Structure formats: structure tokens, C-alpha cells
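I have placed the structure first, in the form of C-alpha cells, so that the comments after it can refer back to it.
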């Protein structure tokens with residue numbers, strides 16, 4: 551009997567707290583009274599944060615093999631087309647299972663192709679591409 555009363559009391563308290571929180575959320579406003587403006591601001595903040603995170607991860611992965619300055623130049627040296635292509639491929643891969651299978655299969659094929667070439671040849675081709683990107687960043 552006491553157990554049931556405690557359970558009911560806790561349930562009412564939780565429901566009251568939930569209602570208060572929902573009211574506060576409904577009353578809360580963003581930086582602008584216009585919700586469309588707030589949506590645009592949120593989108594810009596999320597995209598900017600995602601870009602910073604992506605660049606940090608890329609520099610960190612490249613930093614394993616290259617000095618930090620060169621890793622930064624490589625990431626910075628990518629042109630708009632390379633960035634858009636990477637974004638499009640990631641979007642296809644994350645939107646559907648068939649897209650993920652196609653992109654994953656393509657990455658697997660590229661990896662197998664690179665491994666079928668001699669190791670020195672594959673490394674030289676990759677080094678040349680990354681050096682081009684680093685040089686572009688230094689020129690800009």
C-alpha cells in the first residue's frame with residue numbers, strides 16, 4: 551500500500567516537472583524573435599562546427615605521417631570541387647543502405663586497386679597528390 555502511494559506521488563512529481571520544463575521550452579526564444587532567422591543561425595552554427603571538426607580530424611589523421619604544418623597545408627589546399635565531391639559521396643553513403651553499399655564497394659575497389667599496384671608506386675602517387683595540395687595552399 552505504501553509502495554503504491556510513493557509510486558503515485560513520484561509519478562505526479564515527475565509529470566509536474568515535465569510540464570514545467572515543456573512550458574519553459576515553449577516560452578524560450580532564440581537570439582531573434584523570428585523563428586526562421588533562428589533556424590538559419592542554428593544551421594550556420596552547426597555547419598561551421600562540423601567544418602571545424604572535419605578539418606581537425608583530417609589534420610590529425612595526416613599529422614600521423616606528416617609534420618603539422620604540412621598536414622594543415624594539405625587540408626587547406628583542397629579545392630572546392632574536391633570538397634563538394636567528398637560531401638556528395640558522404641551524403642549518398644549516409645542517406646540509404648544502397649548508397650552505403652555503392653560507396654563502400656567503390657572504396658573497397660579503390661583500396662584493392664591501390665594494393666594491386668606496387669607499394670612504392672601507390673605511395674609515390676599519393677605523396678605527389680598531397681604535395682600538390684600543400685603547394686596550392688602555400689601559393690594562396
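In our numbering, the protein residues as written are 551 to 690. Even for Gly, the Cβ is constructed at its ideal location relative to N, Cα and C. Because the structure is a prediction, the values reported are computed rather than measured.
Three or more C-beta pairs below 8 Å linking the segment 659–669 and the segment 596–616: Fewer than three pairs of CB atoms, one per stretch, sit closer than 8 Å, so the segment 659–669 makes no contact with the segment 596–616.
Unbroken alpha helix (DSSP H) run spanning residue 588, endpoints: Here the alpha helix (DSSP H) through residue 588 covers 585–613.
Inter-residue Cα distance where the pair is residue 683 and residue 654: Cα to Cα, residue 683 sits roughly 25 Å from residue 654.
Presumed contact (8 Å Cβ cut-off) between residue 624 and residue 680, rounded CB distance: Right, the Cβ-Cβ distance comes to about 5 Å (below 8 Å), so this counts as a contact.
Three-state secondary structure (DSSP) of residue 509: Because the chain in this structure spans residues 551 to 690, residue 509 falls outside the shown range and cannot be described.
Limits of the alpha helix (DSSP H) - the one that residue 617 falls within: Segment: none, residue 617 is in no alpha helix (DSSP H) and carries neither H nor E.
Alpha-carbon spacing of residue 597 relative to residue 591, whole angstroms: Each residue's alpha carbon lies about 10 Å from the other.
Nearest-angstrom Cα separation, counted from residue 616 out to residue 562: If I take the Cα positions, the gap works out to 60 Å.
When 609, 630 and 629 are compared against residue 620, the one with the closest alpha-carbon: Proximity to residue 620 across 609, 630 and 629 peaks at 609, based on C-alpha coordinates.
Residue 636: first and last residue of the uninterrupted alpha helix (DSSP H) it sits in: Residue 636 -> alpha helix (DSSP H) spans 630–645.
Cβ distance (whole Å) where residue 626 is taken to contact residue 687 below 8 Å: Separation of the CB atoms of residue 626 and residue 687 is rounded to 4 Å, and the pair is thereby assigned contact status at 8 Å.
Cβ pair residue 642, residue 649 closer than 8 Å: Residue 649 sits close to residue 642, with the two beta carbons spaced by under 8 Å.
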